[in-house]
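All remarks here apply to the structure that follows.
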Amino acid sequence: MSANDPIQEKLSQLPRKPGVYLFKDNKGKTLYIGKAKVLTNRVRSYFHKSTNHSLKVNSLLRKVKDLEWIVTGSEVEALLTEANLIKEQMPHYNVLLRDDKSFPYIRITSEPFSQVFITRKVIHDSSKYFGPFTDVIDLRRTLKVLHKIFPIRSCDYNLNNTTISEGRYSVCLDYHIKKCQGPCEGLVTQKAYEEMIQNVIHFLHGKTSGIRKSLKKRMESAANNLRYEEAATYRDQLQSVEKFAKRQNKATASFDDKDVIAIANDNNDACGVVVRIRGGKIVGREKVFLTGVLDETMGRMVSDFIRQFYLITHFVPGEIVVPARPKGEKTLTNWLESKREKRLKFIVPQRGEKARLLRITRQNADLLLGEQLRKRERRKELIPAMVSQLQEDLNLAVPPRRIEAFDISNIQGKQPVGSMVCFIDGKPKKSDYRKFKIKTVEGVDDFSMMREVVQRRYSRLKSEHTIFPDLVLIDGGKGQLSMAMSALQELGLSYIPVAALAKRLEEVFLPGHSDPQSVSKTSSGLILLRRIRDEAHRFAVSFHRQRRAKSITKSLFDDVKGVGPVTRKKLYDKFQNLESIAQASSSEIKEKIGVALPLATKIIKAAQRETPNEM
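Adding 1 to a residue's 1-based position in the sequence shown gives its number in this note's numbering.
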């Protein structure tokens, strides 16, 4: 695809450095944001004429009228900048996370006596964030357990050495019911409180074994020193931790921390699911819906998901299990390793425990995506009355929502073609129409031609593992029906319902029945069959005429002396098809084409020889 002059000028100015590029429309709106290791190489690749782009990219390039870029110090910086800009601007052609700003998090502030609370707003400060969480009920339950185990302050006082020493605040009810240690009056040291916050962080990471050991040790020490009230407090905390740990499902025999990511996609929509495993236990599952994934590879979807999900997620495990190697894996790894300050690896398991976890996660993603799409398509799920009536008329097990119909067209066996039309919920889907040139049948044999077309169509669908129709409709009688069934049986597809609709009496035939079905002539189901059959016939005749016209322009008038390429072109420019030439008068041919009257007569006779009634 060639770019316009302004774009060409900017392409020549692109630096050979890492950075982020922004494609914009004629109104200055950002259409797409991408990152590049070398800006000039990546951006120019879009505009190479020889490049075969996807439909999505071609659609984007048709709208691009301007280009901007931001140079960064490294590819990792470009990655982060890209993710931030996508979140800020939400470009149409990027893979976008929907509604992620509304997801709640647990925030642990970085002040001397940290607060722990739920927030939906992420501030890029030194606070620690855990999430995002999509199950708010489970999140609130977790926070309740936290406050029961750990005496974290619930107030929002500005606590520091100055405010505490001045006595600006006093203890509240939480202190008296032992839900807070009273840091506002200096009743607990900052060091002791910070140790408790570290235990909270371990708890949120799913690491409860150390906490249990510590609490048990403190409980026993307090009891041995006759501090029974303090020991009882530790006992209650220990019981709460053990109860929380029991609620967690054991995920793997390994005690390593890992995230398992799976993505289910359907056309332009996808659902990404992250199962968080800490200490060998499942501690949470997060779901995020994505859009704009049409024509994207799984590797690219995984890459886009990881960049945006971990941008504001505090904890990054040492292992991330994924269904495919993410695009730009090296850059992603460097970024995540710098974020966690330790080594990290992506795993694409083929067998074993991790593969099992990945399958389970994918099942969750499939279910969640299916639920999302069903909500959107609920109105479309309503079965039209004509389809329901046809199901009743033909006694079908399921409503024939997808119907594929076949017809044959030829003239005395010449230029034989087949057609297939597709109707979904009673409406034509022309993108699924197919044309067939008959390859194996010689002479006039409509039955064998029908068998060839049906066999070719469904052998291809079988090899591609594509969806099969709910009903196959054959234009013809028992003979055509029998040949279609023969083709399906050979392919092992005899379970697909088949019906034939004869032209003369509009009779419906089904396999295994010698007599036509007793379908009311006024039935809406029969009306639908007629409409589909007629469309298949129209499509077949149209294709046949195209083939015949193309063939005729090369051979029909070759034996007519005086008719050369120029005259043949004039004939079809003026008359469009052979039938019009055959029906024209000699004087009309003479006037429009500019040939002598005897030659005009020869042209008409040649055309008439090739235009008997169509079959």
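We put the CB at the ideal spot given by N, CA and C, even for glycine.
* Asked: How would you label Asp305, buried or exposed, when you count the other beta carbons within 10 angstroms and need 16 or more for buried?
  -> buried
* **Phe544 (DSSP reduced to helix, strand or coil)** => helix
* **Whole-angstrom C-beta distance between Ile138 and Leu147, which should lie under 8 Å** => Wrong, their Cβ atoms sit about 15 Å apart, outside the cutoff.
* Asked: Got a sec? Which residues, its chain only, sit under 7 Å from Arg108 by beta carbon, not counting five neighbours each side?
  -> Phe118, Thr120, Ser128, Tyr130
* Per DSSP, which residues does Trp70 bridge with? Please list them. => Tyr22
* **Segment contact, 8 Å Cβ cut-off, at least three pairs: the segment 361–381 with the segment 499–508** => no
* **Distance, Asp394 Cα to Ile468 Cα** => 24 Å
* Asked: Within this structure, are the beta carbons of Glu287 and Val275 separated by less than 7 Å?
  -> yes
* Asked: To the nearest angstrom, how far is it from the Cα of Val564 to the Cα of Phe448?
  -> 38 Å
* Who are the Cβ neighbours of Thr362 in its own chain at under 6 Å, not counting the five residues just before and after it? -> Val261, Ala263, Val274, Val276
* Which partner residues does Cys272 have in the DSSP bridge list? -> Ala265, Phe290
* Asked: Going by Cα to Cα distance, which pick from Pro512, Leu492, Asp367, Ser495 is closest to Ala501?
  -> Pro512
* Within the segment 384–432, note down every full alpha helix (DSSP H) run reaching 4 residues or more, in order along the chain. => 386–395
* When you compare only the Cα positions, how much space is there between Thr332 and Asn268? -> 28 Å
* Asked: How is the beta strand (DSSP E) around Phe347 delimited, first residue to last?
  -> 346–348
* Is the segment 483–499 in contact with the segment 429–436, if contact means three or more CB pairs nearer than 8 Å? -> no
* **C-alpha distance - Thr209 paired with Gly319, whole-angstrom precision** => 18 Å
* Cβ contact (3+ pairs, closer than 8 Å) linking the segment 28–42 and the segment 286–300 -> no
* Asked: What residue from Arg452, Ile404, Lys440 has the CA that sits closest to Ile425's CA?
  -> Ile404
* To do: Please work out which residues of its chain come closer than 6 Å, Cβ to Cβ, to Cys181, disregarding the five sequence neighbours upstream and downstream, and give them in chain order.
  => Pro152, Arg154, Asp175
* Go through its chain and collect everything with a Cβ distance to Ile202's Cβ below 8 Å, but skip five positions before and after it. => Ile109, Lys129
* Would you list the one or two residues that DSSP bridges to Arg120? => Correcting the residue identity first, residue 120 is Thr in this sequence and not Arg. The partner list for Thr120 (beta bridge, DSSP) reads Tyr106.
* Three-state class that DSSP yields for Ile278 in the structure shown -> strand
* Rounded to a whole number of angstroms, what is the C-alpha to C-alpha distance between Ala488 and Glu453? -> 8 Å
* Assumed close pair Leu492, Gln456 - CB separation to whole angstroms, cut-off 8 Å -> 7 Å
* Could you work out which residue in Arg435, Glu592, Ile582, Ala597 is closest to Lys606 when comparing CA atoms only? => Ile582
* In whole angstroms, what is the alpha-carbon distance linking Leu600 and Glu592? -> 12 Å
* Measure the alpha-carbon distance for Thr568 versus Val418 and round it to whole angstroms. => 28 Å
* Can you tell me whether Met387 is buried or exposed, with buried defined as 16 or more other CB within 10 angstroms of its CB? -> buried
* Does DSSP put Asp471 in a helix, a strand or coil? -> coil
* Any idea if Pro566 is buried or exposed, counting beta-carbon neighbours within 10 angstroms, 16 or more meaning buried? -> exposed
* To do: State the Cα-Cα distance for the pair Arg45 and Leu12, rounded to the nearest angstrom.
  => 7 Å
* Is the distance from the Cβ of Ser503 to the Cβ of Ala406 below 7 Å? -> Reading off the sequence shown, one finds Ala at residue 503, where the question assumed Ser. Against a cut-off of 7 Å, the Cβ pair of Ala406 and Ala503 comes out as no contact.
* First and last residue of the uninterrupted beta strand (DSSP E) at Glu320 -> 320–322
* Taking just the CA atoms, how far does Gln547 sit from Lys436? -> 12 Å
* Check whether the Cβ atoms of Leu391 and Gly477 lie closer than 7 Å to each other. => no
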